[in-house]
């Protein structure tokens, strides 16, 4: 007896999963995850916008992935960055052996049907690993590009930072105009004293829907900093989590969205303070033109054991058109009464008239003043991400190009 | 006193949120003159400042303002600035993400109508910062973001120094300043003032006028000037308060 696919039309079957694994020549670790994913496909439900809070604003129809075909065995990935002592960058197929033992440690297979699908159809895994004390000066850069209509893409990036190592990773995602669905997973395992900076550039095409899972787990005194920049996509839904499990560790999360057209950019974040003396900071900003929409739902959790936690969470939205929309809901959940500081804030609205008047009173035209305000607004998370100058310039160039396309200020 | 006036305010009336605040205000300022307008809370001081600069929240309902002979009515704030009018705000707004240096560079280019070469601009900026006793790292901070009251007022004076206006209006520049900061700011303004420039100090207290000496002092009550005189009028106000003048004005 064969297990029935969830709907007769679905191409995303356990058989297809097995065939993909054979074609890729899975090592033991990936094979086990793939089998688990395939085995739970039918048991796990899709997230429900009606029942699951982080999914509240997602169109249920967008979650119907049954029409999509499994990914091919050779997705387009390019890797840049200099070879360096103590650094490994390898595809999952190349890595093999014990190197992949930790896949699935941060992003679980059985979260929901989306994570099960991710692992069942995993193709395009990349491992980036640093040895203890390695200081990698040059950023490692991955570019992933998808163009095949009607396929499901499942990029997976596993970052393992050894004790006291330093690493910067930039991952760029792109797609064409064809309808595709992408389920990226990013795992950041940050060892004791290590410092990792991870930036994702979401430059998706107008008919791409994305359901991304990013989770960092920090060990003692580790620091992780992430930035997500979204400048395109039909629906870009990202879940970004940091589990601060090591004492004295920290997580900074930044997000920048420039929305236009019908784009829906939807973030769920979780800063989970588990250990003592942990620190988190978060700033997500969006500038929304045309009919675009941003959703932010974020949780800062301070657990019973997280004494002296220091947490800040801010979400700010600038509406550049009357039809643009932002929903913002930052939430605090604090179980200990011994905290250093916990704060949060949220705003959404058009450009402030008093700010415009002030800038205009210094000689800038109204259009110039709007442009300056929007760029300053979006520049703040970019500044705080502390990226090296060349990278920062590239990112502000992406922001600039999108703003110019929206026609908001020179 | 035969020179053409810089600023002529003629029977000016202005509303904010539907309430008439300025009720027929007259004032003429010529090059080289320093005027002070003093008035109690609610007399229309800030309304005058905002109306002069063209804040869209304030509506001119009567009278006229001419600057360098040109009527200002309907002119956007940026055009007023480019013509040489400057307002130092009582409450400057914070502009996170925009550094002081970046903002000043854009403002200077806009007002001068040309791209000032970066080196030249920096030289001038550092010189003006020195004049106002501002640390150099000030330039890299976000404009007014997290600034103390004193730092905000200094940032306003730095903008004044860089934009070199023909006519500067200082709205309650003394508020929130301790005596040392007040002295620094006043020294800066005095150094920037010249014979072709006009200065209008708007203030509640006489304190500022000990450091920036006006030739003309006007008392603003209920949206119009009820008395004008020399520096001695400020001292009289300091001693007897606004009540006496207010009472005299209401029976007049």
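Chains as they are written, first to last, in my numbering: chain W, 458 to 867; chain B, 12 to 263. Think of the CB as a built atom: it goes at the ideal place given N, C-alpha and C, for glycine as much as any other residue. Keep in mind the model is a prediction, meaning the values are calculated, not measured.
Compute the Euclidean distance between the alpha carbons of residue i and residue j, then round it to the nearest angstrom.
i: residue 650/W; j: residue 769/W; result: 22 Å
i: residue 195/B; j: residue 737/W; result: 40 Å
i: residue 836/W; j: residue 33/B; result: 40 Å
i: residue 144/B; j: residue 161/B; result: 12 Å
i: residue 86/B; j: residue 65/B; result: 7 Å
i: residue 715/W; j: residue 746/W; result: 8 Å
i: residue 682/W; j: residue 842/W; result: 7 Å
i: residue 201/B; j: residue 751/W; result: 50 Å
i: residue 652/W; j: residue 618/W; result: 8 Å
i: residue 135/B; j: residue 240/B; result: 38 Å
i: residue 497/W; j: residue 552/W; result: 26 Å
i: residue 620/W; j: residue 674/W; result: 14 Å
i: residue 577/W; j: residue 501/W; result: 13 Å
i: residue 169/B; j: residue 14/B; result: 28 Å
i: residue 528/W; j: residue 494/W; result: 15 Å
i: residue 851/W; j: residue 839/W; result: 11 Å
i: residue 477/W; j: residue 628/W; result: 24 Å
i: residue 472/W; j: residue 490/W; result: 15 Å
i: residue 92/B; j: residue 185/B; result: 23 Å
Return the chain-ordered list of same chain residues with a C-beta closer than 6 Å to the C-beta of residue i, the five sequence neighbours on each side being excluded.
i: residue 698/W; result: 672 and 727
i: residue 533/W; result: 602
i: residue 888/W; result: Residue 888/W falls outside the range modelled here, since chain W spans only 458 to 867, and no answer is possible.
i: residue 247/B; result: none
i: residue 803/W; result: 772, 785 and 787
i: residue 517/W; result: 506
i: residue 654/W; result: 625 and 682
So the alpha helix (DSSP H) residue i belongs to, where does it begin and stop?
i: residue 199/B; result: 190–203
i: residue 214/B; result: Segment 209–214 is the beta strand (DSSP E) holding residue 214/B; no alpha helix (DSSP H) there.
i: residue 671/W; result: No alpha helix (DSSP H) contains residue 671/W, which is instead part of the beta strand (DSSP E) from 665–675.
i: residue 859/W; result: 846–863
i: residue 572/W; result: 570–577
i: residue 139/B; result: 129–142
Using a Cβ-Cβ cut-off of 8 Å (strictly less than) and excluding sequence neighbours within five positions of residue i, which residues of its own chain qualify?
i: residue 793/W; result: 759, 760, 761, 762, 763, 764 and 766
i: residue 634/W; result: 662, 663 and 664
i: residue 58/B; result: 25, 27, 32, 33, 69 and 234
i: residue 510/W; result: 754
i: residue 236/B; result: 36, 37, 38, 48, 229 and 230
i: residue 256/B; result: 230, 232, 237, 238 and 248
Determine the burial state of residue i: buried for a count of at least 16 other Cβ atoms within 10 Å of its Cβ, exposed for fewer.
i: residue 190/B; result: exposed
i: residue 224/B; result: exposed
i: residue 464/W; result: Caution applies to residue 464/W, whose pLDDT of 47 falls short of 50 and renders its modelled position unreliable; the value that the coordinates give is listed next. Exposed, because fewer than 16 other Cβ atoms sit within 10 Å of the Cβ of residue 464/W.
i: residue 847/W; result: exposed
i: residue 505/W; result: exposed
i: residue 817/W; result: buried
i: residue 666/W; result: buried
i: residue 641/W; result: buried
i: residue 479/W; result: exposed
i: residue 128/B; result: exposed
i: residue 807/W; result: exposed
i: residue 687/W; result: buried
i: residue 625/W; result: buried
i: residue 670/W; result: buried
i: residue 259/B; result: exposed
Which residue from the options puts its Cα closest to that of residue i?
i: residue 739/W; options: 707/W, 616/W and 722/W; result: 707/W
i: residue 614/W; options: 577/W, 657/W and 573/W; result: 657/W
i: residue 605/W; options: 526/W, 548/W, 595/W and 596/W; result: 526/W
i: residue 584/W; options: 833/W, 839/W and 555/W; result: 555/W
i: residue 828/W; options: 812/W, 474/W, 628/W and 544/W; result: 812/W
i: residue 860/W; options: 539/W, 534/W and 825/W; result: 825/W
i: residue 46/B; options: 148/B, 19/B and 61/B; result: 19/B
State the start and end residues of the unbroken beta strand (DSSP E) segment that holds residue i.
i: residue 238/B; result: 235–240
i: residue 547/W; result: 544–548
i: residue 26/B; result: 18–27
i: residue 607/W; result: Element bounds for residue 607/W: n/a, residue is neither H nor E.
i: residue 97/B; result: 96–99
i: residue 816/W; result: Where residue 816/W is concerned, there is no enclosing beta strand (DSSP E), although the alpha helix (DSSP H) it sits in stretches over 810–817.
i: residue 787/W; result: 782–791
i: residue 758/W; result: 750–759
i: residue 618/W; result: 613–618
Excluding sequence positions up to five away, which residues of its chain have a Cβ less than 7 Å from the Cβ of residue i?
i: residue 482/W; result: 550
i: residue 862/W; result: 717
i: residue 805/W; result: 774, 776, 783 and 785
i: residue 12/B; result: The predicted model places residue 12/B with a pLDDT of 49, which falls under 50 and marks its position as unreliable; any figure quoted below should be read in that light. Around residue 12/B: 41.
i: residue 460/W; result: Unreliable placement is indicated for residue 460/W, whose pLDDT of 47 sits below 50; the coordinate value is still reported in the next sentence. So the qualifying residues of the chain are 471 and 499.
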